[in-house]
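Colleague: Taking full-length UniProt numbering, I'd label the letters of the sequence shown as residues 1 to 293.
We put the CB at the ideal spot given by N, CA and C, even for glycine.
In this text, all values refer to a predicted model and were calculated from it rather than measured experimentally.
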Amino acid sequence: MTMLLVHLLVDGIVTGCSIGLVAATFAYFYSATGTFHVAHAGIYTFCCYVAWYCIGLDIPFVPALLIAMIVGALLGMMIQGLLYAKLERLKATPLVMLIGSIGVLTVLQNVSAILFSPNIIQFDLPWRTEYLEFGPILLSIPQLLIVILCPLLFLALQVFSSRTALGRQIRAVASNPELAQITHLRPQRMFLYAIAISSALVAVPGTLVGIDQAMQPYTSLIILLTAVVAVIAGGIGSLAGAFLMSIVLSIIQSVSVLFVSGRWSLGVVFAIFILFILLRPEGLVKRKFKREL
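(1) Quick one: residues in its chain with C-beta nearer than 8 Å to the C-beta of L65, no 5 flanking neighbours on either side, listed in chain order?
(2) Would M215 be called buried (16 or more neighbouring beta carbons within 10 Å of its own) or exposed?
(3) Inspect the CB distances between the segment 62-80 and the segment 193-203 and report whether three or more fall short of 8 Å.
(4) Taking buried to mean at least 16 other C-beta atoms within 10 Å of its own C-beta, is V107 buried or exposed?
(5) Quick check: the Cα distance between I55 and Y28, rounded to an integer number of angstroms?
(6) Between which two residues does the alpha helix (DSSP H) holding F134 run?
(7) In or out: I15 buried (at least 16 other Cβ within 10 Å) or exposed?
(8) Please check the pair F191 and A32, which I expect to be a contact at CB under 8 Å, by giving their CB distance rounded to whole angstroms.
(9) For S140, report the span of its beta strand (DSSP E) as first-last.
(10) Tell whether a beta-carbon distance below 9 Å holds between V96 and L82.
(11) Under the assumption that L157 contacts A41 (Cβ atoms under 8 Å), give the Cβ distance between them as a whole number of angstroms.
(12) Would you decide whether Y49 is buried or exposed? Buried here means 16 or more other CB atoms lie within 10 Å of its CB.
(13) Please report the Cβ distance between Y44 and S220, rounded to the nearest whole angstrom; I am assuming they are in contact, meaning their Cβ atoms lie under 8 Å.
(14) Straight-line CA distance for S175 to C150?
(15) Can you tell me the Cα-Cα spacing of A92 and I13, whole angstroms?
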């Protein structure tokens, strides 16, 4: 029983790290623009397929992952430039922006199915099923990469946001877009940078989870929903809160299979989320980076 609990905790941490980077990147773009970027889930999936396709062409894993990240950044910039920016110029309501984003998600899912495969894919990598032992804990190499890379990239995003000139400019636009426009910070350009960074980073958990568990075009939405729950529960605008809450919720979902059927584990997470926001509506961490709406 003890060993089972340890393995469930480890699985929760691994899943939490991958969802944590999805949540942090979603929160980063939302904080900068106020756009509920549901299409983030489509980029997550599409980038995984790009990496899978590149590896099928005998491109090594690291260059394939970098190509997927570049494709993700370009996709994000296209979505911002061709959809969100135009809708904003037309003074579209947040609901219209959300519907537009859902439309892009649907397009990306179907394009992934048409260009690559509608079926579950598995990466042809010899090390994807290899395991490393850490005492009683077994981790596959993809899981180890998730635990290492996702927190590192999250920390890099934090440092970029708070310590670099471009990061501070994006924060300034998020805090007061009208003043930023007056001071010639060019908010739309900052939004392009924000979505490019978010979309490039989300390619990493998308690819690594695909290597570890396989991938299908239509499975990423539930990952985004869990990430959004973590963003809200962690405190909208707090990247650290989103990442930490992703790990907490993933551990709860993993451990809950000891008490309920696995098919109800996600329901347990959402039930706890509802209780959490009723008791602490401001979230786990106070907001530090938000767009004034």
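Modeller: Reading off the structure:
(1) A51, A203, V204, T207
(2) buried
(3) yes
(4) exposed
(5) 30 Å
(6) Per DSSP, F134 belongs to no alpha helix (DSSP H); it is in the beta strand (DSSP E), 131-134.
(7) Here residue 15 is Thr; the residue named in the question, Ile, does not match the sequence. Its Cβ being crowded by 16 or more others within 10 Å, T15 is buried.
(8) 6 Å
(9) 137-140
(10) no
(11) In fact, because the Cβ distance is near 19 Å, the residues do not count as touching under 8 Å.
(12) buried
(13) 5 Å
(14) 27 Å
(15) 39 Å
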